[in-house]
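**Q** If you scroll down you'll find the structure; I have some questions about it.
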Amino acid sequence: MKIVMLGAPGAGKGTQADMIADMFSIPHISTGDIFRENIKNGTELGAKAKGYMDKGELVPDELVCDLVVDRIQQDDCVKGYILDGFPRTIPQANALEEALKAIGQKLDYAIDIEVPDENIISRMSGRRSCTGCNAVYHVVYNPPKTEGICDKCGGKLVLRDDDKPETVKNRLNVYHEQTQPLIDFYKGTGVLHEVDGTQTMEKVFADIKNVIGA
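Written out as structure tokens, the structure reads:
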């Protein structure tokens with residue numbers, strides 16, 4: 005079960021990836037986690053990535069792909085894995101296809117969680133994050149018991165810069181420019197499945213299970 009999750013920032017793909025990972029006992033792999041793990045463990049690939057990150061530069065596609073391929077060959081990936089946040093661009097998708105072919109693997113599913121931009125802006129601008137324990141709430145869908153106060157630790161809830169409407173619009177513009185073409189790419193390889201992400205979390209998950217035959 006080898007899956008790539010696609011969808012705009014705020015579409016809910018991380019949440020769905022966690023649910024699939026739990027159901028199938030396969031790892032949910034994000035590039036951020038891979039970077040942190042390799043840097044923490046002082047690997048050669050991690051040292052290379054850190055060199056770019058310390059200079060504020062993007063880690064080159066080839067190196068990101070090497071890190072991902074190294075990760076998916078670990079023991080916990082024997083039954084499969086879910087990639088979240090990679091590939092982001094067509095060059096990365098091509099590099100991944102070639103790398104998988106070289107180790108005798110191929111993707112089974114690319115699941116695109118479709119949510120209109122206006123829904124995403126509304127969702128994300130309603131988020132509130134705790135300054136104490138980083139718990140996340142939503143003013144409409146998951147409000148705290150006391151407005152502005154975290155239920156868990158009593159910390160102050162704030163709207164993060166990342167979730168402000170103008171920032172979200174910019175992130176969506178980048179997504180449409182760079183990542184949206186991946187939908188056509190995976191449509192061409194025959195593994196793309198689109199799911200309506202405007203539904204409840206449970207209904208989205210049910211639709212994904214139908215796609216992967218669970």
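Heads up, the sequence shown stops at 218 in this note's numbering, and the numbers go up one at a time, no gaps.
Heads up, the beta-carbon is just placed ideally off N, CA and C, and yes, glycines get one too.
#1: Considering Cα atoms alone, identify which of Met9, Gly14, Ile7, Thr150 is closest to Pro120.
#2: Would you give the residue range spanned by the beta strand (DSSP E) that Glu198 belongs to?
#3: Going by DSSP in three states, Leu86 sits in which element: helix, strand or coil?
#4: To the nearest angstrom, report how far apart Gly89 and Gln77 are at their CA atoms.
#5: Count the other CB atoms within 10 Å of the CB of Tyr179; is the residue buried (16 or more) or exposed (fewer)?
#6: Taking a contact to mean a Cβ-Cβ separation below 9 Å, would you say Cys134 touches Lys149 in this structure?
#7: What does DSSP give as the partner residue(s) for Ser133 in the beta ladder?
#8: DSSP state of Asp116, grouped into three classes?
#9: List the residues that DSSP assigns as beta-bridge partners of Met23.
#10: If we ignore side chains and look at the alpha-carbon of each, how far apart do Lys128 and Ile117 end up?
#11: Give the C-beta separation of Lys52 and Leu67 to the nearest angstrom, bearing in mind that I take them to be a contact with Cβ-Cβ under 8 Å.
#12: Just list the residues that DSSP pairs Ile33 with in beta bridges.
#13: Which residue wins for smallest C-alpha separation from Gly194, given the options Ile86, Ala114, Val143?
#14: Apart from the five residues just before and just after Ala21, which ones in its own chain have a Cβ nearer than 7 Å to its Cβ?
#15: If distances are taken between C-alpha atoms only, which option among Lys213, Leu186, Ile212 comes closest to Ala12?
#16: Between Asn146, Val215, Val208, which has its C-alpha nearest Thr19's C-alpha?
#17: Taking DSSP as the reference, what is the three-state secondary structure of Leu62?
#18: Name the residue from Lys6, Ile38, Glu41, Arg92 whose alpha carbon lies nearest to the alpha carbon of Val82.
#19: Please report the distance separating the alpha-carbon of Ser126 from that of Asp211.
#20: If contacts are defined as beta-carbon pairs under 8 Å, then Tyr56 and Leu62 qualify, I think. What distance do you get, rounded to the angstrom?
#21: Consult DSSP for Thr193 and reduce its assignment to one of helix, strand or coil.
#22: By a C-beta neighbour count over all protein chains shown, 10 Å radius and 16 as the cutoff for buried, is Cys137 buried or exposed?
#23: Tell me, to the nearest whole angstrom, how far the beta carbon of Pro91 is from that of Leu104; I am working on the premise that it is less than 8 Å.
**A** With the given structure in hand:
#1: Here residue 120 corresponds to residue number 116 of the sequence shown, with the count starting at 1. Among Met9, Gly14, Ile7, Thr150, the Cα nearest to that of Pro120 belongs to Gly14.
#2: As a first step, residue 198 is located in the sequence shown; it is residue number 194 there, counting from the start. Element bounds for Glu198: 196-200.
#3: In the sequence shown, counting from the first residue as 1, residue 86 sits at position 82. Here residue 86 is Ile; the residue named in the question, Leu, does not match the sequence. Of the three classes helix, strand and coil, the one that applies to Ile86 here is strand, per DSSP.
#4: Numbered from its first residue, the sequence shown carries residue 89 at position 85. Numbered from its first residue, the sequence shown carries residue 77 at position 73. Their backbone Cα atoms lie some 18 Å apart in a straight line.
#5: Working through the sequence shown from its first residue, we reach residue 179 at position 175. Looking at its Cβ environment, which holds 16 or more other Cβ atoms inside 10 Å, Tyr179 is buried.
#6: Your numbering for residue 134 matches position 130 in the sequence shown. Your numbering for residue 149 matches position 145 in the sequence shown. No. Outside cutoff.
#7: Mapped onto the sequence shown, residue 133 falls at position 129. DSSP, once it has assigned bridges, lists Val140, Val162 as partnering Ser133.
#8: If you number the sequence shown from 1, residue 116 lands on position 112. Residue state, collapsed to three classes: strand.
#9: If you number the sequence shown from 1, residue 23 lands on position 19. None; Met23 has no bridge partner.
#10: Within the sequence shown, the letter at position 124 stands for residue 128. Within the sequence shown, the letter at position 113 stands for residue 117. Per the sequence shown, the amino acid found at residue 128 is Met instead of Lys. When rounded, the distance between both Cα atoms is 16 Å.
#11: Here residue 52 refers to the residue found at position 48 when the sequence shown is read from its first residue. Here residue 67 refers to the residue found at position 63 when the sequence shown is read from its first residue. At roughly 6 Å, the Cβ-Cβ gap stays under 8 Å, so Lys52 and Leu67 are in contact.
#12: As a first step, residue 33 must be located in the sequence shown, where it is residue number 29. The partner list for Ile33 (beta bridge, DSSP) reads Leu87.
#13: Indexing the sequence shown from 1 puts residue 194 at position 190. Measuring from the Cα of Gly194, the nearest candidate turns out to be Ala114.
#14: In the sequence shown, counting from the first residue as 1, residue 21 sits at position 17. Excluding sequence neighbours, Ala21 sits near Met9, His32, Ile86, Asp88.
#15: Taking the first residue of the sequence shown as position 1, residue 12 is located at position 8. The shortest Cα separation from Ala12 among Lys213, Leu186, Ile212 belongs to Leu186.
#16: Counted from its first residue, the sequence shown places residue 19 at position 15. When only C-alpha atoms are compared, the closest one is Val208.
#17: Translated into positions along the sequence shown, residue 62 becomes position 58. Of the three classes helix, strand and coil, the one that applies to Leu62 here is coil, per DSSP.
#18: Within the sequence shown, numbered from 1, the residue matching residue 82 stands at position 78. Closest by alpha carbon: Lys6.
#19: Residue 126 sits at position 122 when you count from the first residue of the sequence shown. Residue 211 sits at position 207 when you count from the first residue of the sequence shown. So the two alpha carbons sit approximately 23 Å from each other.
#20: If you number the sequence shown from 1, residue 56 lands on position 52. If you number the sequence shown from 1, residue 62 lands on position 58. The Cβ separation is near 7 Å, so the contact holds.
#21: Translated into the one-based positions of the sequence shown, residue 193 becomes position 189. Three-state result, Thr193: helix.
#22: Within the sequence shown, the letter at position 133 stands for residue 137. Looking at its Cβ environment, which holds fewer than 16 other Cβ atoms inside 10 Å, Cys137 is exposed.
#23: As a working note, residue 91 is residue 87 in the sequence shown. As a working note, residue 104 is residue 100 in the sequence shown. Rounded, the Cβ-Cβ distance is 11 Å, inconsistent with contact.
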